[in-house]
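The working numbering puts the sequence shown at residues 357 to 764. A virtual CB, placed ideally from N, CA and C, is assigned to each residue, including glycine. Structure first, then comments.
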Amino acid sequence: MRPRVHRRLFALGLVLTSLLSALPARGARPAPPQKPLSAAAQALLDRAFADLDPARPLVDLHVHAIGLGQDGDGTYVNPAKLSGKHPFKRLETGLYLKATGMKGLARFDQDYLEILAARAAAFPRPPQVHLLAMDRAYRTDGTADPIRTEFHVPNAYVLAAAARHPDLFVPVASIHPARPDAIQELEACAAKGVRLLKWLPNAQAIDPADPRWGAFYRRMKELGVVLLTHAGEEKAVAVKGAQALGNPLRLRRPLDLGVTVIVAHCASLGRNVDLDHPGTTATNFDLFLRLMAEPAYRGRLYGDLSAITQVNRLPRPLQTLLARPEFDGRLLNGSDYPLPGVDLVIWTRRLAQLGLITAGERRALNEIWKRNPLLFDFVLKRTLKDPKTGRHWPASIFQRGPVDLQPQ
357 MRPRVHRRLF
367 ALGLVLTSLL
377 SALPARGARP
387 APPQKPLSAA
397 AQALLDRAFA
407 DLDPARPLVD
417 LHVHAIGLGQ
427 DGDGTYVNPA
437 KLSGKHPFKR
447 LETGLYLKAT
457 GMKGLARFDQ
467 DYLEILAARA
477 AAFPRPPQVH
487 LLAMDRAYRT
497 DGTADPIRTE
507 FHVPNAYVLA
517 AAARHPDLFV
527 PVASIHPARP
537 DAIQELEACA
547 AKGVRLLKWL
557 PNAQAIDPAD
567 PRWGAFYRRM
577 KELGVVLLTH
587 AGEEKAVAVK
597 GAQALGNPLR
607 LRRPLDLGVT
617 VIVAHCASLG
627 RNVDLDHPGT
637 TATNFDLFLR
647 LMAEPAYRGR
657 LYGDLSAITQ
667 VNRLPRPLQT
677 LLARPEFDGR
687 LLNGSDYPLP
697 GVDLVIWTRR
707 LAQLGLITAG
717 ERRALNEIWK
727 RNPLLFDFVL
737 KRTLKDPKTG
747 RHWPASIFQR
757 GPVDLQPQ
C-alpha cells in the first residue's frame, strides 16, 4: 500500500474508532474483571516476571498525569479538546478516555489517578510509576503562551500524587527553561527528591540547543537531575509547526554541558533536517543512533522504550533495538500510558506478522490487554524476541531508573 494512502486510512480509522468510543459525560469506574486469566495468559505473565532481580524495583519511566482542573489543582486541558466546536479533537479525547478506563469527564481528575494506581497495584510486582508533569509553553520573553499550551500538569500535582501513593508513584517535574523562575523551581523540586525532568520540546516551544539554557543545564548537572525529553515527530499533542524542535541532534547542547539525557521513544518517528549535513534530511531514529555512537556521550545518553511498539513506529526502530545487545545497558522501560490502552495504535497482529511474537502469545497478550493495558505493555516488551536470534530484552532494562544513571 502506498504510504500516502496508508496515512489517510490510518487517519480515517482514528476518526471511526473515536466515534465508536464516544463516551457519556458521567463518571464511573469499570467493574474489575472476575474471571482468572487463561492458563496461556497466566504462563506468559509469570514468564515476564520470572527473571527480575528481587532486590531491585520494576520501573516505568514514562506515565502521563492528566487533569482538567476540577479540584482546583492547576491542571488544564485546552478547552478545544472538549468542545463540540472542534469535533475531531473531541473525538480524539474520547479515544484517550477509553484508554484510561474512564466512562466520562465528571470525576476525571480523581478517577484517572485512582484507576492508574489500581492498574499499577495489580502487577504481581507493582512498578515505580514515574508520573510526568507537563509545564506550559512559553514565549521567548519568558511569558506563558496559552495558545500553544495543549495541557498543563503542575509539578505540585505530581508531587502530591506521589505523596498519596508513595509505594507506586514517583514524581517527575517539568520546567520550561524560559520561565523567569526556572532555576529556582528546579532547585525546589530537587530539594523534594525529584531526579527526573520531562520536556516535550515540539509542544512546549523549547529549543534544547538554545545557548540561553546554559545556566539551567549546568544547575541540572550539579543537582543530579536527569533530562527525559521527547525527540522525533510528535503526534499526540498539537505542535503548531515546531517539529524541528524534536530533532535529536539539538540535544548535543545539554549533553556537551554534562547533563544526562534520556531520549523518549528513542526518537522513533518522523524525519528532520540533518544538522551535520546541511541541505539533507534523515529519520529521527537514525539521528538518535548517530548520537548513541558518539563515544563522548556514552554513560550520559540513553533511550526509553515508550511507544516503541506502536504500529505507526514499526518495524525498523523496534527490530533494531531488539537485535543489538550493545544497546541493552542504555535503554530504560517506559509505557507512555495511557497510550497502551489505545487499541488503534497497538496492533499485536502486526507484531506477530513480523515474527516478534507468536500467534499463541498474541492471543494471550490480547487477553492481558483487556484486563490491564499498563500490565500488557510490560508483558509485551518482555515477550518480544528477535526473529533471527530469538533474543529477548534482558530484565535489567526494566529495573533501571534515573537514580541508576547518576555519574559516579
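- Nearest to Asp523 by alpha-carbon distance, out of Pro413, Leu601, Pro729, is Pro413.
- When Phe525, Glu543, Asp501 are compared, the shortest CA-CA separation from Leu417 is found for Phe525.
- Assigned with DSSP and collapsed to three states, Phe507 falls in strand.
- Counting only runs that start and end inside the segment 547-630, the alpha helix (DSSP H) elements of at least 4 residues fall at 557-560, 570-579, 608-612.
- Note: Asp416 is bridge-paired with Val485 in the DSSP secondary-structure output.
- Rounded to whole angstroms, the Cβ separation of Ala565 and Phe644 is 15 Å, and the two are not in contact under 8 Å.
- With contacts defined by Cβ atoms closer than 8 Å, His508 and Tyr432 form a contacting pair.
- For Thr739, the secondary structure class from DSSP, reduced to helix, strand or coil, is helix.
- Spatial neighbours of Thr496 in its own chain (CB-CB distance under 8 Å, excluding positions within 5 residues in sequence) are listed in chain order as Ala534.
- Its Cα nearest to that of Ala679, the residue Leu740 stands out among Arg504, Ala544, Leu740.
- Taking all protein chains shown into account, Ile702 has 16 or more neighbouring C-beta atoms within 10 Å of its C-beta and is therefore buried.
- Under a 10 Å Cβ-count criterion, Pro694 is classified as buried, with 16 or more other Cβ atoms of the shown protein chains found around its own Cβ.
- Look at Phe732 here: in three-state DSSP terms it is helix.
- Across the structure, Arg574 and Gly423 are spaced so that their CA atoms are roughly 32 Å apart.
- In this structure, DSSP gives Leu687 an extended state, which the three-state scheme calls strand.
- Pairing Gly690 with Asp642 gives a Cβ-Cβ distance that is not under 8 Å.
- Taking the Cα positions, Thr616 is about 27 Å away from Thr499.
- Exposure of Thr714 is indicated by the presence of fewer than 16 other C-beta atoms within 10 angstroms of its C-beta.
- Leaving aside the five residues that flank Thr637 on each side, the residues in its chain whose CB is nearer than 8 Å to its CB run, in chain order, Arg627, Asn628, Val629, Asp630.
- Here Ala500 carries a strand assignment [DSSP, helix/strand/coil].
- With at least 16 other beta carbons inside 10 angstroms of its own, Val550 counts as buried.
- By the beta-carbon neighbour count (other beta carbons within 10 angstroms, threshold 16), Arg718 is buried.
- The Cβ atoms of Gly757 and Gln540 do not sit closer than 8 Å to each other.
- Checking the DSSP bridge columns, you'll see Met490 partnered with Val509.
- Per the coordinates, the alpha-carbon of Leu657 lies some 12 Å from the alpha-carbon of Arg609.
- Burial is judged here by how many other beta carbons sit within 10 angstroms of a residue's own beta carbon; Arg686 has at least 16 and is buried.
- In the DSSP assignment, Tyr468 falls within the alpha helix (DSSP H) that extends over 464-477.
- Per DSSP, Ala534 lies in no alpha helix (DSSP H) and is assigned neither H nor E.
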